[in-house]
Each structure stands twice: as C-alpha cells, then as structure tokens.
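Here's the structure, in structure tokens; my notes come after.
There are 4 protein chains.
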Amino acid sequence: MFDSVHEECGVFGIFDHDGRRNVAKDIYLALYALQHRGQQSAGIAVNYNGAINHHKDLGLANEVFNEMILNGLGGYFGCGHVRYSKEKSVTRDEAQPFLAKHIKGQIAIAHNGNIINAQSLRDELSERGAMFQSASDAEVLAHIIARERLKTESTEASILNVMKDIKGAFSLVIVTMNKLIAVRDENGFRPLCIGKLGNCTIVSSESCAIDALGGTFVRDIEPGEVVVVDINGMKSYKDNCVKKGSLCIFEHVYFARPDSIIDNVSVHFARKAAGAELAMTKPVEADIVVGVPDSGIDAALGYAEKSGIPYGIGLTKNRYIGRTFIQTSAAERLQAVKIKLNALKSVVNGKRIILIDDSIVRGTTTASLVSLMRDAGATEVHVRISSPPFLYPCYFGTDIDSQDKLIAHRLTEEEIRISIDADTLAYLPLEGVKKMMKDSKTGYCVGCFTRKYPVKIEE
Amino acid sequence: MFDSVHEECGVFGIFDHDGRRNVAKDIYLALYALQHRGQQSAGIAVNYNGAINHHKDLGLANEVFNEMILNGLGGYFGCGHVRYSKEKSVTRDEAQPFLAKHIKGQIAIAHNGNIINAQSLRDELSERGAMFQSASDAEVLAHIIARERLKTESTEASILNVMKDIKGAFSLVIVTMNKLIAVRDENGFRPLCIGKLGNCTIVSSESCAIDALGGTFVRDIEPGEVVVVDINGMKSYKDNCVKKGSLCIFEHVYFARPDSIIDNVSVHFARKAAGAELAMTKPVEADIVVGVPDSGIDAALGYAEKSGIPYGIGLTKNRYIGRTFIQTSAAERLQAVKIKLNALKSVVNGKRIILIDDSIVRGTTTASLVSLMRDAGATEVHVRISSPPFLYPCYFGTDIDSQDKLIAHRLTEEEIRISIDADTLAYLPLEGVKKMMKDSKTGYCVGCFTRKYPVKIEE
Amino acid sequence: MFDSVHEECGVFGIFDHDGRRNVAKDIYLALYALQHRGQQSAGIAVNYNGAINHHKDLGLANEVFNEMILNGLGGYFGCGHVRYSKEKSVTRDEAQPFLAKHIKGQIAIAHNGNIINAQSLRDELSERGAMFQSASDAEVLAHIIARERLKTESTEASILNVMKDIKGAFSLVIVTMNKLIAVRDENGFRPLCIGKLGNCTIVSSESCAIDALGGTFVRDIEPGEVVVVDINGMKSYKDNCVKKGSLCIFEHVYFARPDSIIDNVSVHFARKAAGAELAMTKPVEADIVVGVPDSGIDAALGYAEKSGIPYGIGLTKNRYIGRTFIQTSAAERLQAVKIKLNALKSVVNGKRIILIDDSIVRGTTTASLVSLMRDAGATEVHVRISSPPFLYPCYFGTDIDSQDKLIAHRLTEEEIRISIDADTLAYLPLEGVKKMMKDSKTGYCVGCFTRKYPVKIEE
Amino acid sequence: MFDSVHEECGVFGIFDHDGRRNVAKDIYLALYALQHRGQQSAGIAVNYNGAINHHKDLGLANEVFNEMILNGLGGYFGCGHVRYSKEKSVTRDEAQPFLAKHIKGQIAIAHNGNIINAQSLRDELSERGAMFQSASDAEVLAHIIARERLKTESTEASILNVMKDIKGAFSLVIVTMNKLIAVRDENGFRPLCIGKLGNCTIVSSESCAIDALGGTFVRDIEPGEVVVVDINGMKSYKDNCVKKGSLCIFEHVYFARPDSIIDNVSVHFARKAAGAELAMTKPVEADIVVGVPDSGIDAALGYAEKSGIPYGIGLTKNRYIGRTFIQTSAAERLQAVKIKLNALKSVVNGKRIILIDDSIVRGTTTASLVSLMRDAGATEVHVRISSPPFLYPCYFGTDIDSQDKLIAHRLTEEEIRISIDADTLAYLPLEGVKKMMKDSKTGYCVGCFTRKYPVKIEE
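Chains as they are written, first to last, in the working numbering: chain A, 920 to 1378; chain B, 920 to 1378; chain C, 920 to 1378; chain D, 920 to 1378.
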C-alpha cells in the first residue's frame, strides 16, 4: 500500500533432539514473530516419522493456521516460512515451504532471498527433463539439490556441491527425512542465526523469533556456512565460507525487527547510530525530533540524544491496520496515510519539527507525512532520512528491481525536497553507514546506494 | 458414507475452433454434469494466449468455482476434472488438472483411471532425477510425457511413444500450448467420447456432459486412440488401437449417469436389460418391484416390465443429502440410511417386495434397506442384484483394491441372504452381462466377478 | 431458479420426557428431511435449563450447522425451522426460529404459513408501543402472544385467546421456558403432525421427518388445535377447532415429499391418483409416459398404470444441482433446464410421449421440457398436468401472490399449448382433485384454481 | 488475553448536509480509527431515502466489511459501532447498531457505556408488554425512546424526556428517519465530540476518527447535551446539562488513543503529565526509563524528561498479534507475553530499569514484564504505574465489575511488589490525577480508585 521497499521472506526451523516435542506450534509462534518479513503467505512443514507433512496458504500466520491444523501437524522437527511476493498475482502455488519427493526421499525447502541466475538454472534443468509447477526459486533449488543427490551420500553433500552454481541471495531452511539443514549463501545477503530452546536447536531469519519462543540466541550462521542438525546434534560445514559476506543494509535500515541482533549488530542500535550520525552530519535547529513509526522511531531517539533536541511523539500509528484496505486514487492514498498515521497536534503545533524516516522510495508517503505535520501546525518540517539515497535496483530479495520507481534516481535532492514540501531534506552520508555497522562481523551490501554489487549482475 | 464402490474421476475438454469463446464456464457446467464421478475436488485449466491458468480445490464444482473465478479464467480451450480419491486423507495437492512447465512449454493433465505400474514408473523417473509433489498418477504421466518431449516434435508424438509403457486405466484430457489432446488406454477401461457444440470440439468422460451444454454426441474415442484438437480441427491417431477394449462393467452397472451412452450402449438400457434378465433367470412371486434410488431404478423397471409384476415407488431419496453429515457408530449408520432413503409405507405395507439394487459391496446398506422395507410392513423381501457377485479387487480406477472389504468374498450367497435378512437373494448371472452389453462396440472388463483381468496383475 | 411455486417453510419440534436427550442433533436431522420446504435459511432453538439458546443463518441445514455448533446447543426440548422467503433480499434477520424475552420469560417461534392481517396487527401493536426488528410474521406472533401473557396464566392460554385475531395460515412450533407448543390455524392450511421417538414427543410439518429420525407417526394435528408438550406428557386444546379445515392442495400436488402422509392422505398416492384421473379424463394415444422428476414421477406412474401405456424413464435429473448456479438470460434459462434435466434419447427417440408435470406456473420450464423431448427425437409430445390450471394468487404461504406471473391467467389453454409447443395439453379437472383427496380427514383449499378462498381476502 | 481493563465500545456518526455523499465508507474508516475501543463486533447503519439498512457481525471492521458490502450500504447519513463485550459468550445478536421499527418509523442506536438501572428499566418495559431480543442496553434505550415517541413530536423530545430516567453511562449516536442524534449522559462518563468534514457533520467517540477522515475537530459534546443533525444543520439541546461531568479517568489512562483530545485534554499530554508527576513524587535512581508499549510509552517519556534519566526503547511490540492466538496455562500466558512483547537486550542488559505501565489489574502481565527485563539482563527493575491503585469495581462501561479480580484489592503495595518481583513499585498518587487533568473542562470519575462514584450504586 505504501511506497516502501519490501522484504521477501522469513524462514525458521527447529529440531528437538529428544524427539518428543511437537514443533508445529513452536514454528507457528516463530512465524508470528517473523510476520513483518512477509504477510502474503505462511506455511509449515513437519517431519512425522520420516514423512513430511505440510500446510500452507495465502494469508497471515494466524489466518492460515488454527489449533486443529497445528494439532494435525505432528513431528519433532520442521520448518516454516512467511512470504512477501513481488509478483502482482499472488497464488497459493507460490507459498512455501516447497515440498517434493525425489529418489532418496522427501525434502521441504523454505527460502529467503533471490536467485539471480534462476532462469538459466531452470533452463538447464528443463533440458535435462525437469518439470516445474511454480515460479518460485525454492522449486529450482529443490531440483538442483535432488538431482545432485543421485551422485552423493547425503543432502548436505549435495548442497555443498551445488552452492557454487547458485548465484544470489539464499538463506535456506531445509527439512529432509532425518535432518534439519540451514544454508546461508556465501555473501550472506539475508540473515540466518542459530538458537537453543531446551534440548531443541533453532535456526531463524531473526533472533526475535528465538526470543518469542523463550529460547536463547547462540550465534549467526556465517556467509557460506551449511549447518546440519539431526538427532545426534549439530554439525557445521564451512567449505563455502569464502567471502567476508555482505548483509543487505536494508535489514538494519528497515526490514528487521529492532529487537533482533544480526551479524553481531543490534538493529535498534544500528538505527539509533544512524540517527546520531544524522544529528552530527546534517544538523538543523528545531524544537522537537519526531520519528515515523515504526521504523523511524529508533533513529529519531538517536538523533534527539545526540542533538539535545527533545524527542517527541508526534505521530501515532493505528495498530489495527490490516491488509484488506483498498485504495486507488491519489486522494485515497493520502487518506490511507491518515488512517495509518495521525499527527499529535498537541505535540506538533507551533513547533519546528525534525521528521526522521528510514528511507524514501517513491516519495509519496514522505510528502503525505510532511503535509500531516504542517496541517497539525508545524512551523517548519526538516526531513532526515536514516539511510543514503536509494538510487539503484536491488537483485537480492527485495521488490525494488527497477530504478524507475526510485524518486532519488529521477530527481536531485533539492527537487525531492520541493516535491515533498520539506523545509530541509538530508540523507545519512554513505560513510555514516559504517558507523551503524561498526560492530558487524560480516560486511554489508550497499549496492542500492552505490551500484557496486558483491555479485556480478548481467544486464 | 455408504458401502458402495466408487469411481475415481471425471474428465472434460473443449476447444473453440473460432478462438473466441471463453470456455471456463462451459467446463464448469460440464463438471456439474460429471459431478457423480467425483465429489472430492474440482478443477479447471484454461489456455490463455499460450499460458495455462488454472483453479482447483477440494469440494463440489459449485463450491470450488464462482462467477468471479470463472471470469478470471479466460481462454478458448481448456480441460476440467472432478475427483474421488480412495486415499483417506484428501488434500488439495491431489486435485487436478495437474499443471506443469517443461522444456517445451506448459501442460495440464486431467486423468481418470489408475496406473498399475505407477510406482515403478515413479522409481524409474526418480532415478533419472525427477521430483514429485503429489501422489497422483497425473503427475507421473506429466513427467513421462514431458521427458519424451525432449526427443519428439510434438506432445502427441510423445504420448504415442510412451503409451505402451503405461499399464492400467487412463482416460486423459491434456491441454498444451496450442492443443487439446484426449487419450484412452488400449483397453479403454474408462469411457471417453467426442462431441460438438457449435464450432467447438468437446471430449468428455460421459455423453451427459455434452448434452448438458446443448451439444451433440459425435462418437466414442476408441481404446488406444489419441485425439488431437487444435485451431485447424481434429486428428486421430490409432497406432495404439491394438485390442478390442474392455470397458469397466461398473460404468454401466453403477458409475455412469443413465442418460449417458458409452461405447454404443445406453446406460439406462443396459440397466433395464439387467433387470429383465434377472426377471427371466431369477424369478420370484411378489406384489411389487422396488428399485433402490438412484442406480436400482432402471433395473427395477426392466424387471417389472419383463415379469409383469407392477413397478412401485417404494423408496424415496432425500435430494439434499450433502457431504457434511458425520456418522460413526452402527446405530448412526442405520440412521444415515434413513436420512438418505425413506420407505413409502403406503406402497410397501402388506406387500411382497422385490427389491432391486445394483450391487452388494460390504452388505451393510443392503441390510438396512431390507430392514426399512420390513419396518414399513413388507411381508416378504426378495433382493435381486443387477450384477454378478463382486468377488475380486479392481485395479483400474475404483476404490475396491482389496477383497477383504467384499462380503461376497467372505460369505456364501446363502450366508449373505441371512446376514441381510432377505427372504430370497439372487444375483445377475455372469451370462446376463452379455445381454446388458450386447450392443457394445468394445469388450468389457468383468475382472471383479471373474478375477480374469485384461491386464496382467503382479501381486 | 425455475418457474415453480414455492413453499415458504418447514417447522419441527421435539421434547424428551425423560429430560436427558440432547435434541439439537435430532432437530438438525429433521431439518435435513424437511429441507425441500425451504432452502434459504435454517435455525434451531433449544431450551437449556430454562434458557433458550439458538443458532440460525442463511443456507442449507448442513451449511448452517456443524458438529461443534450442535454440541454447543444442549437441551432436551427445542424447535427448528427451514425457510424459503418470497422477498427478493434475503437477510439473516429473517431467519427463524424467532427468539424473544418477555415479562414471563423467553419464547422461540418457528412459523410456516402467511398471516394475511399481519400489517394491521403490526400497526396495532406499534400503537401500543411495540418495536419490530424484522419483517417476519413470527415476530408479530411473538408480540401478540407475549402481550397476551400479561393477562394469562400460561402461554397456551394466551395462544388460545389470540388465535381468533390472527387471519391466515400458521403452523407454529413454539418453545417456552418449560413447554413445547404446536399450533395449527383453524383452516389447517399448512400441515402439522405428531410423532413419537422413544419417550420423546415430536411435532413436524411432515411425517417424513419423523421417519428420518426412526420415530413413528402418531396423528395429524387438527385445524385449530393447540398441542402442549411438557415433562408430564402431551395435552390437546381444541377450543378453536371450529372448521373442517382446508389444507393447501399444493402440499399434495408439489410441496410435500411423496413419502409423507398429510391429513390421512399419502402424498405419493394422491399424486398417483391424479395421474390415473388424468388417464381417465384426458386420454391420448402414445408410446410412453414420462414424468418430470421429481414431482411428476408419481403421477406418471399412475397415468401409465391406468392407461396401460408403458411407464418410461425419459428424463434424468442431476443430483448435484445446488443453489449457486447463476442465470440471467433466456438462453441461459434453457441451458439451466438442460443442466438440471436431461432427456434419455434411447427412451424418447421415435416415440410419442405423454409428459406429466405437476403444474404450469410461468410456462417457461414446460416449454423447455417439450423442447428437450423433441430434440431427443420424440415424434409427439402430449403434456398432462396433474393439477388444474393455476389461475389465482395464493395468500396462505406460497410465493405466488400476484396473478400476473401466472400463464394460465393470461392465456387460454390452447394459447398455452402453442406457447409450450405441445401436441396436446390437458390439466386435471377440478373434480379430479376430489379423487386425489378422497381419504382426506380435512377439507382442502383450491383457491388458486377457483378464487374461492376459505378466508375472506381484502383487496 | 492480557489482564487489562477493557473499554466496551466506540460510536460514530456522520451526516452530509448536501445529501450526496455515500457515508458508509467514511463510517468504515472511522471504525478503523476507533477499533482500539472494541474488537469483538463492528456495525454500520445508514439511512437510504428514509429506510435504514445495516450490516454488522462479529470481528474487526476489516473482517466484517468489504468493498461490496459497503457499496450496498447507500445513504448520506448513518452511524457505526465497534464493540468489546464483557460477556463470556459473544454472539452476533449483541452487535450494534441496534435497529428497530416503531410506530413513528425506524431507529438505529449505537451505544458506548453501561446503564446501571438497565434491569429495572427492562422489567418496567416488560410489564408494559415489551419484548427483548438481546441483552444489550441499546435495545433497552431503543424501547424507552420508541415508547416515549407515542407522546412526543420528535425523537429528540423523547430523548430529552427520558434521559433523567436512565442511570449510568451512555454516549449514543442515533439514526432516525431524517436525523442524526448524539447524546451524552449528564455525567459524560464516555467521550463524545463533534467534527466537520466538508459540508458533513461528524460525531465520534474520539477525535482521532475525525482526523482519520481528514476532518476537523469542532468541540466536545457536553455532559447531558443532545445534538441533533439534519439536512438544515445542527441544533443543541442542553436541558439536561445539569452537572459538571465526570469523564472516566481510564479514557486518559489507557482506553483512548494518544492522538485524541477529550474534554480539552490531550490524551498524550495527560499521560506524559502522569509520568512527569511520577518522576517528581516517586523518584528512583536508575539508568533508563522504559515504557510498556503502547499505553506506557507517553508516561515513560514524561518520566524521562522530568527526571533527566534517559528514555529508552527497552520493549518492542509485535505489530501482527491478532485475536486468534489461544492460551490456557500459566506457562502459555508467559509465552503469550513474549510473543506480544520482547525485551531489547542491547538496551536493557546491565541497566537499572524504570518500567512504566499504565495500570495493574490482575498483576500477571506486570510480573511477566519484570521477568522479561531481568532475563534481558536488567540489574534492577523499578515499576512505576501511571495511575493510582485500581481498588474498586467500575459500573460505567468497563469490564471490571467485580473487585475480586483486582490485585490491589487483595494485596498491599509491598505484597504486589513481591508478587511481581520488582525492586520497587510505586503508583501515581491520587493528587497526581489532578495534574494530568488540569486542562479538563469537565470533571472526571475516579471511583475505581476511591469508591466515590458520581452516581449512586445500589449493591
């Protein structure tokens, strides 16, 4: 509905080494905690005595699942998936985990990311007789792994063999006949971490899902690492850990939950640091610092603390906004913003406002927000963006695959300022990203700001 | 709910040679007319400018489809499917048509029948790297055809090549990028016929669906025949027409609608003839002949006409019985019969009844019906079955795959008579089947009566 | 969908004198058996320890109820209702039983019929301060009974007092704090009978629902009778039994199930008798007698037996026709007939057909049926209608409240014959109705044929 | 799910003086904005050419309504309602607006509040023959107003006459044949205000709904005031404005949205003031002030600003928590808190925390939150509650109708501190409430803290 960039998926897996716990409910609760990573479909696959059962459908986790369905999904290890799709027509066929039978058994795959050579992989497989039922990368990955299994002794051996052929972003959670396998691509574009809950091993897109279950965070999975969990414990394969890694910077800017810690960096602190850096490098005189809920709140607090200008709650967000609201015209789009967000006149009226948001994609929402501030009596509105200008498309699992949608690509900073009607506009300098990410154990991808992608893109 | 034998599917296809008609609604109406062949799932696949779209789900056709969904399925040729599954757990994944992409394009397959070497075909395909997402034979067939397409110039060439490898029953309707293809196995176990509607060519499991659309029946597809329909017209390939054929006798006994004509035999007349033959060979003195609705009605009329004993409406059937009624205990099973069928006391009371039903499978329903007659005041109840004793399992697309369920396998005729509490019990003699089928252009399979199957069964 | 006359409702009640049985499931099964009397909404009200709970909604009984809902409706006595509404906009508010609290407790009312002075009763109640939430007569009846309760000692006393003020048709089943009460208006327009099931007393629109539960029919409730059932047994009040009664003739012609017995007349035999009478009074030379399923079947058998012309199954009905099929144009209406009914060409082809239907309302369906016969090869089609011409509106609970819809009102018999394209057309003579109803213990209303209504109609 | 006090309803109305706008969609958007006041049912009633149509059901506004339903609700004035019910069994019958027909036309009533003499009003009405279909106060109010209409010339005259007889809390929005009427009880327990949108007049429980539509706030409706809106404009009747008023203090403490302004007090500022007052009167040394989202956030900011201790985001709330999550045991309750709220370890770890929440009802959630903080590494947890101890039941429209549920009634402050495992615990002093409400134009009810209710309560 709003002009923001979208994450494509969240993945999760759990294995009870005691072989007793029915994990479907745990996975369901974890999908709840990862729901911000995708709201279009949800699915769970569970291994029950060597047979994988699954349930998936369009909708939020609590729309797709209920007590009866979860009770019907017995099994002590399994995986789950929430999905945002960039495709216009969203169908049930694309929901994950993707489940298939092959010569050596069954496999369920949950994928977060984007395979940039997916089409050539599909073509190659098709030439060897493969048949596809969906447009999802997960199906391609399943084929590649299943084919390789003809030659190998184990699924993990297959994965290690084929990883080098798969270009792009993939954080995978895989359920086989007797194992739970987690895979992170060699660049580590998408997050993936390990946790513990009693005698269960967890793998999750974000640590917040581990917390939601009452578990404890153990460590991030390294770029290129393959983690295999079975009844005996956990093994790690680092044969393909060949790069430092390049986590998508937008995980910290916008996608991830602030309570998650990714590659050693607290998302909340990264955002606060970006706000502080904005205060240092792009200062402005004002009365109050207002963050755009939810993703601009942390940066606003960082800006306020660093600048000494008071932090204010100038915008409130309706907690009940669901996915069914329909809009078409520009007038309705403005109203849509008003239904989602409302200015607190008593806070804003007569004040010079510093308005902090995480990014500007098309610019329409930012313009609406400035207008909300002015209508509420703001005398000045200074927009500060806690990331650098979004200039180039992303090929690694977000929905900004064309620069035509990007206002920063079409207009200069001053033109954008005018178009959103702000008194001043400033972005986080590229160097500021380093401050955000100073504790990072991996590198990070800023291709959307610089056009320098860690993987070669063929036009 | 009731102890009868079940058909597994109905298939349908239509191609508008003018390329103008949106055929989804026609297919929907046809599925309505074929609904008696399967009530568990329904699906439609339509070719829209070379891309195949589909919609399918669990439920009756009018539960799965609505105006909006049908309007969204544009395209001038397509196929449809209704399904009964013998599996206990019925899932959406098994619904057909089965849709897949392969090296040479897309394919949608609707299948009626049962492939008896499906497992070995699956194994073979798996060894060559194939991956399966369902337990359905349609997926196996899609794989075989798609693989063969690597070597051939056309889908029909592929089909003609692989037909000899596929053992068992298959009446297929296939939609490709530009063709509608109908295939009947060399034994012709399941029916398949051709019709016309304006400038459209139709293929259908039964002629009643052609009638429902206002079309005209053209001819049956021969056992082994492959019919290819495209924008230019229709072609027939009879390379694999090597046998006389052996239509499943239960199509005429019970499955098909009485208004259908299969392999030159009117289903209604076949049933009437069976009734007449029963009257000749298994006569009994009585006051009235009562047919069990719906499938025993025609035979009862035949019996009455031949014997001179009046035809009576002694049982009425509730038109609103749906699939949601739940029963568990034997007491509830008796009540379930009462809810479905009620005796007309005014007809039955004080009379000697000849009760005609099509078959006895487990015997529980027949016993309930005799009890209904006696409770309504019948002084004698003479049960006549319009087919020979069901003694052996069927491997060609019904759900009687084990003889343990068959009362005729466990008990003698006299024991059955006692267990259903009838005064007399008689079956149609095997020779009577010849009379039923005297106009048949193909042969017929009576393996369930004789254990002589037209295809070798490996135990 | 089709141009037939419609019944408006079915009612049912049950009281377990042992106070132990949970009757909601019995009521549900009974509504199944009465479903032909109304398909738009279904409802159940049950008395649980002196509090009446209910569930009702739009839809068939098996769509409105499920195991969980039925389990939630505990109580050893209650009532149920299925409804057909003549109103165009069908809303949930009109579903019955209608439930209300008044000064002396709670009341649930299920009503079959039509109150012809409902508007003046409403006006009078409104002037005394009453408030209405629906357009249903049941709410008016509840108000009248509840008001009268201010002056009386019991609900039955109230009912007996007010019955004379209520003009028109009403068969009521009422649940109070401790009683089940059944009321039939003094003309007995709509059926209502009593049955037994173990130690339970049943009241039902038709005896077929008693049979469906495995109960036994006891007797009809007399026109004007009030039957009160409580823990101690059953009492009858005949203070208002002042007339012989005048059952709606269409109950026997079309509405009721053939296995029901109403006012001592078997519906099946009444229809057979009408057919026999047609054979005697309106004979024609032909090869075969075909009944239009389902309501013309019995009359066709009667015609065949009396005339000596063979009874044939020339039309088959699709068992799966549901309420969701949408039609708009005349072409679609013809197709709708084809989807519902199909001619058996093998029976009809080359034959002179006598086609028996129960009535002609608008004439469009009859025309379609004649056309079906001719398309199937009938050389002559002689239409025989097993009731007299439907000439005048009905005010007693059917949906023909205006004569404009009636083809017999607009056209002569010969004009109708031409419009439906029949070779000959004949109706049952009015005197023939006497033969149908010769065993009736009450009189019957034939106002729709004669304009002589048993109750004065103010225009 | 959580042990908090609940508001019972939100009401809204709009009238287009131009008579052109279809207001159903506006009402829908307003219900979205008022959704926090009730999540169990939603309803809209619209006057279309003098007839009132409505739609209502269980669920959130976006579950109950869709584009098609809203398009079907034409009309240029109407009202809406969202409901929280304290009853255990929530049924569709209780959904509002309540719609009825009476002698002078139709009426739709939407009610927020609680009538404390409802039972005696019901009894009195019943004695005069009234019948009730629900347990809702709205039905009682409709009866009283409709009865009075027998004697008066207008609905407003009726309302003014009967207001003195109705004891308790009621903010009403009423739609009649040609008017929109808003009524606030003489104590003004529940909020109600007036807004403008183009040439439309709005009445709303909270100003946030006016903002959501892009309208402008005009003024609060005074305690006892009756506002009548029709095609000609707006009239105010203050005959019953006899008291200063006593707004429920929990509207400011917890119920209302922070962006609403009620009786001249900004909810956000009232909460901030409460926090500041806590800092002044109940100081404690600590490192960081953390608010419990969402209602504790504003008070936490107030505490932080006044104390100089930094404001921190120590808890994050899952935005996707819906109503379907099911819990039963204490262990699941703790997990439920974890799914809803997560501690930010990076913020909390090693810190002395001041945790600010709005109130303690049963105490279980507060205990879980302290435990979350300690698990995240907090060295000390000092709980500060931004309202005085909740000691006595409320009779004016919340769900705390018994003091047994209230931990503060059973335990001393020290016992509560121990039971929630806090290092210190302090509440806002009663005098602090004065500071919160210093700008209030009305008084406020603090009966839940003091047992001094503005209306006499008969036990």
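For glycine and all other residues, C-beta sits at the position ideal for the given N, C-alpha and C.
| Query | Result |
| --- | --- |
| Using a C-beta to C-beta distance shorter than 7 Å, which residues of chain C count as neighbours of histidine 1340/B? | Checking the sequence, you will find aspartate at residue 1340/B rather than histidine. Within 7 Å Cβ-Cβ: nothing; aspartate 1340/B doesn't reach chain C, min ~17 Å. |
| Which residues, in order along the segment 963 to 983 of chain A, keep a beta-carbon less than 8 Å from a beta-carbon of chain B? | none |
| Which two residues bound the contiguous alpha helix (DSSP H) that contains alanine 1198/B? | 1186 to 1200 |
| The alpha helix (DSSP H) that contains glutamate 1046/C, what's its start and end? | 1037 to 1046 |
| Between which residues of its own chain and alanine 1192/D is the CB-CB distance below 7 Å, once the five residues before and five after are set aside? | Gly1221, Lys1354, Met1355 |
| Can you give me the Cβ contacts of valine 1208/C inside the same chain, cut-off strictly under 6 Å, excluding the 5 residues immediately before and after it? | Ala1219, Tyr1222, Ala1223, Ile1228, Tyr1230, Ile1273 |
| Under DSSP, the beta strand (DSSP E) around valine 1300/B begins and ends at which residues? | 1299 to 1304 |
| For chain B, find out if any of its Cβ atoms is closer than 8 Å to the Cβ of tyrosine 951/C; answer yes or no. | yes |
| Sort out for me which residues DSSP pairs alanine 1027/D with in a bridge. | Leu1018/D, Val1094/D |
| Against chain D, with Cβ distances strictly below 8 Å, would cysteine 1313/A count as a contact? | no |
| How big is the Cα-Cα spacing for alanine 1198/B and cysteine 1112/B? | 32 Å |
| Which whole runs of the alpha helix (DSSP H) in the segment 1049 to 1132 of chain D are 4 residues long or more, in chain order? | 1056 to 1068, 1074 to 1081, 1126 to 1131 |
| If you scan the segment 1291 to 1343 of chain A from start to end, which runs of the beta strand (DSSP E) of 3 or more residues do you find wholly inside it? | 1299 to 1304 |
| Using a Cβ-Cβ cut-off of less than 7 Å, list which residues of the segment 1317 to 1347 of chain B approach chain C; keep chain order. | none |
| Would you check if the distance between the CB atom of aspartate 1276/D and the CB atom of isoleucine 1304/D is smaller than 8 Å? | yes |
| Rounded C-beta distance between glutamate 1105/D and alanine 1175/D? I'm assuming under 8 Å. | So it is not a contact: roughly 21 Å between Cβ atoms. |
| Where do the ends of the alpha helix (DSSP H) carrying glycine 999/D lie? | Here glycine 999/D belongs to no alpha helix (DSSP H); instead the beta strand (DSSP E) covers 996 to 1002. |
| So, for isoleucine 1035/D: in the same chain, excluding its five sequence neighbours on each side, which residues have a beta-carbon less than 6 Å away from its beta-carbon? | Lys1086, Gly1087, Tyr1314 |
| What residues from the segment 1062 to 1093 of chain C come within 7 Å of chain D, judged by C-beta to C-beta, listed N to C? | His1062, Ala1065, Arg1066, Leu1069 |
| What's the gap between the Cα of alanine 1345/D and the Cα of glutamate 1332/D? | 8 Å |
| Taking a cut of 7 Å between CB atoms, which residues from the segment 1009 to 1033 of chain B lie near chain A? | Leu1018, Ala1019, Lys1020, His1021, Ile1022 |
| Identify which residue in Leu1310/C, Arg956/C, Glu1170/C, Lys1163/C has its Cα closest to the Cα of proline 1373/C. | Lys1163/C |
| Residues in its own chain within less than 7 Å of leucine 979/B by CB, not counting five upstream and five downstream? | Gln954, Gln958, Ala961 |
| Should the segment 1039 to 1057 of chain B be called in touch with the segment 1092 to 1111 of chain B, which here means at least 3 C-beta pairs below 8 Å? | no |
| Measure the Cβ-Cβ separation of cysteine 928/A and histidine 1030/A and say whether it is below 8 Å. | yes |
| For phenylalanine 1174/D, which three-state DSSP category applies? | helix |
| I'd like to know if isoleucine 946/B contacts chain C, where contact means its C-beta is closer than 8 Å to some C-beta of that chain. | no |
| Along the chain, where does the alpha helix (DSSP H) containing glycine 1366/D start, and where does it finish? | 1366 to 1369 |
| So, tyrosine 1156/A versus glutamate 1075/A, is the Cβ gap smaller than 8 Å? | yes |
| Under 8 Å, do alanine 1341/B and alanine 1295/B count as touching if we go by C-beta distance? | no |
| Quick one: what's got a C-beta closer than 6 Å to phenylalanine 921/B's C-beta in the same chain, skipping five residues either side? | Note on phenylalanine 921/B: pLDDT 40, under 50, position unreliable in the model; the coordinate value appears next. Only Thr1284 meet the Cβ criterion. |
| If you count every other CB in all the chains shown that lies within 10 Å of the CB of glutamate 986/A, and 16 or more means buried, which is it? | exposed |
| What is the C-beta distance between leucine 992/B and valine 965/B, in whole angstroms, given that I count them as a contact (C-beta under 8 Å)? | 5 Å |
| Using the beta-carbon of each residue, which ones in chain C are nearer than 8 Å to leucine 1263/B? | Pro1177, Asp1178, Ser1185, His1187 |
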